[in-house]
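When we follow the UniProt record's numbering, the leftmost residue of the sequence shown carries the number 1, and every step to the right adds one. The beta-carbon is built from N, C-alpha and C at its ideal position, and this holds for glycine as well. Since we're looking at a predicted model, the values are computed, not measured. These notes are about the structure you will find just below.
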Amino acid sequence: MIDRASRNRLAELIRSLSSGQISNDEFEDSIPESNDDAIRQVFSHGAWCLYSDMKEYKLKGKDVLSRDDRTIVARWVLFLKTDIEYIWPSATFKEEFLKCISLGIFGQRTLDKWKIYGNVELWPFLNIEQFNKAKKENGYLGVQYT
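This is the structure:
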């Protein structure tokens, strides 16, 4: 189920976080509650990986995101602006737990599942067709990939 208001809110929060306008704590405190899988997944597999939650800070100065990171973030925002259902397989509780306590080292199992399911380079989109259609319909991200 698409929760348009929550997707729009998370997209704006991610943009504000990634551009250094809000802190990591302000971001986390504002995440919308929703039953839309895209909200939880884009947060947990995407945005949460942009920062450390050991201290409050903004992604500025020495913590500014790289150009490559900003490109990835733009793809998440684009996905949130679409009405495409999030359908990637979910990680099991055990996989999520191991990923957390190992600082991501044991996240490979989920990634291996995803590689079978879709194009992980375009996550949260499944494939190039979804991605290009979203860019065309939403006017984001310029040129099409082939």
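Inter-residue Cα distance where the pair is residue i and residue j
i, j, result
"Y117", "D68", "24 Å"
"F27", "S66", "19 Å"
"E129", "D29", "34 Å"
"K133", "E121", "16 Å"
"D37", "S23", "24 Å"
"E12", "P32", "11 Å"
"K55", "G61", "16 Å"
"I72", "D63", "16 Å"
Paired residues, beta bridge with residue i - DSSP
i, result
"S23", "K58"
Identity of the residue in the options nearest residue i by Cα
i, options, result
"R40", "P124, G139, Q130 and F131", "P124"
"K58", "R9, D25 and N8", "D25"
"G139", "D112, A74 and W88", "A74"
"R4", "L80, K62 and K60", "L80"
"R7", "R70, D83 and S44", "D83"
Worksheet item: How do the segment 14–33 and the segment 48–55 stand: do at least 3 beta-carbon pairs fall below 8 Å, yes or no?
Response: Segments in contact, yes.
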